[in-house]
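Contents: one structure, followed by commentary.
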Amino acid sequence: DTGVSQNPRHKITKRGQNVTFRCDPISEHNRLYWYRQTLGQGPEFLTYFQNEAQLEKSRLLSDRFSAERPKGSFSTLEIQRTEQGDSAMYLCASSLVGDTEAFFGQGTRLTVV
Amino acid sequence: EDQVTQSPEALRLQEGESSSLNCSYTVSGLRGLFWYRQDPGKGPEFLFTLYSAGEEKEKERLKATLTKKESFLHITAPKPEDSATYLCAVRRRDNFNKFYFGSGTKLNVKP
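Line by line, the protein sequences give chains A and B.
Counting in my numbering, the first sequence runs from 412 upward without gaps.
Counting in my numbering, the second sequence runs from 41 upward without gaps.
Below, the structure written as structure tokens:
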């Protein structure tokens, strides 16, 4: 098992463009999470999937953000009409059902210029 | 509002100088407290899970403990390679859907 994989690792985009990130979780994990982290802060929850169902979405997540997890496997996070305030590290994590820990990928660093 | 507070924000130690990091939490029913290590530009790396007061976990120079209000990460005789940001997260009993993170403690161990 290679762990949680995220692509791309870095993305620079112009303000107003759309971007999409991909996350491949650990294969037997049916829970998948997206978090956002800015410099000097801890990760902030964005959304959560159990299998293919998106069960919770942060109130902080604007309508420009959408996430999918087709067939309960990989997940994508799309940001439409990017703004400079979207610049951050986007982290994906996965876990088994239950009280278990989550394992994080290396993140995608987004810079909006 | 649930909160996870970590202290200190930053800690400088000499190699071999033991110390502790603190994570205090106020959640309505704890369903796990998690410690992670994060190196610059990388994702958090899982260290420990603690579930109940009095529980302890150890790994190499690190030892995590849990009380009803806080957790400590004790670092014994640290080495420069222990330099990283240490994050604490909690999970609530009535919401398994997310982890609530603190802002972390940035540890710098000088040789």
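Ideal Cβ placement from N, Cα and C applies to all residues, glycine included.
Among the residues of the region 82-116 of chain B, those with a Cβ less than 8 angstroms away from any Cβ of chain A are K82, G83, P84, E85, F86, T89 and Y91, in the order of the chain. About 5 angstroms separates the CB atoms of Q43(B) and T66(B); that is less than 8 angstroms, so the two are in contact. With a cut-off of 8 angstroms on Cβ pairs, the region 412-419 of chain A is not in contact with the region 448-460 of chain A, counting fewer than three such pairs.
In the DSSP assignment, H114(B) falls within the unbroken beta strand (DSSP E) covering E110 to I115. Listed along chain A is no residue with a C-beta nearer than 8 angstroms to that of S58(B); the closest approach is about 25 angstroms. Taking a C-beta distance under 8 angstroms as the contact criterion, A478(A) and T487(A) qualify as a contact pair. Residue ranges of uninterrupted beta strand (DSSP E) with 3 or more members, entirely inside the region 431-467 of chain A and ordered along the chain, are 442-448 and 455-461. Assigned with DSSP and collapsed to three states, Q54(B) falls in strand. For a Cβ distance threshold of 8 angstroms, residue set G451, Q452 and G453 of chain A lies close to S143(B), ordered along the chain. Residues of the same chain with a CB within less than 6 angstroms of the CB of G56(B), apart from the 5 flanking positions on each side, are A117 in chain order. Put simply, the region 415-422 of chain A touches the region 509-523 of chain A. At least three CB pairs are less than 8 angstroms apart. Shown here for Q461(A): same chain residues with a beta carbon closer than 7 angstroms to its own, the five before and five after excluded, namely N441 and R442 in chain order.
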